[in-house]
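Asker:
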Amino acid sequence: MLTAKIKACFLYYKHLLRVNFVVSLLIALLGWASGLDGLKTFCFSLVTGGAFLSSYFYERQRGHQYYFFFNLGLSKGVLYGSAILFNIVLAVVLLVVKNNLR
Numbered sequence: 086m087l088t089a090k091i092k093a094c095f096l097y098y099k100h101l102l103r104v105n106f107v108v109s110l111l112i113a114l115l116g117w118a119s120g121l122d123g124l125k126t127f128c129f130s131l132v133t134g135g136a137f138l139s140s141y142f143y144e145r146q147r148g149h150q151y152y153f154f155f156n157l158g159l160s161k162g163v164l165y166g167s168a169i170l171f172n173i174v175l176a177v178v179l180l181v182v183k184n185n186l187r
């Protein structure tokens, strides 16, 4: 049952990642044009602003799909927390890869 919950959290994250990636990329491009490091700005946006905007858009367009997750015993808090955790892991991996390629 635990693997079903993890798969459901990952499914939720996949839906959020599409919007989060685009929003974070746009913010990173604006930051890069302003003289900030593009990858650090992307990673910061991936964990903060992009995550919140993608959660908001998911709520507005696919709010009815939360019943699927509720039936598996997952609350919105668990879904939000797992998405933030996945974003943090992705951001750390990107920053580690960038620092090792130098």
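First residue of the sequence shown: 86, per the working numbering; consecutive thereafter. Where is the CB? At the ideal position from N, CA and C, for every residue including glycine.
1. Assuming residue 131 contacts residue 176 under a Cβ cut-off of 8 Å, what Cβ separation, rounded to an integer in Å, is found between them?
2. According to DSSP, is residue 186 part of a helix, a strand, or is it coil?
3. Following the continuous alpha helix (DSSP H) through residue 150, name the residue where it begins and the one where it ends.
4. Could you compute how far the alpha carbon of residue 111 sits from the alpha carbon of residue 126?
5. Helix, strand or coil: how does DSSP classify residue 133 here?
6. Exposed or buried, which one is residue 172 when buried takes at least 16 other CB atoms within 10 Å?
7. Judging by CA-CA distance, which residue of 90, 104, 92 and 158 is the nearest neighbour of residue 147?
8. By the three-class DSSP mapping on this structure, what secondary structure does residue 158 have?
Answerer: On the basis of the coordinates in this document:
1. About 5 Å; that satisfies the 8 Å criterion.
2. Residue 186 sits in coil when the DSSP states are folded into three classes, being neither helix nor strand.
3. In the DSSP assignment, residue 150 falls outside any alpha helix (DSSP H) and carries neither an H nor an E.
4. Cα-Cα distance, rounded: 10 Å.
5. Of the three classes helix, strand and coil, the one that applies to residue 133 here is coil, per DSSP.
6. It is buried - the Cβ of residue 172 has at least 16 other Cβ atoms within 10 Å.
7. The residue among 90, 104, 92 and 158 with its C-alpha nearest the C-alpha of residue 147 is 104.
8. Three-state DSSP puts residue 158 in coil, outside helix and strand.
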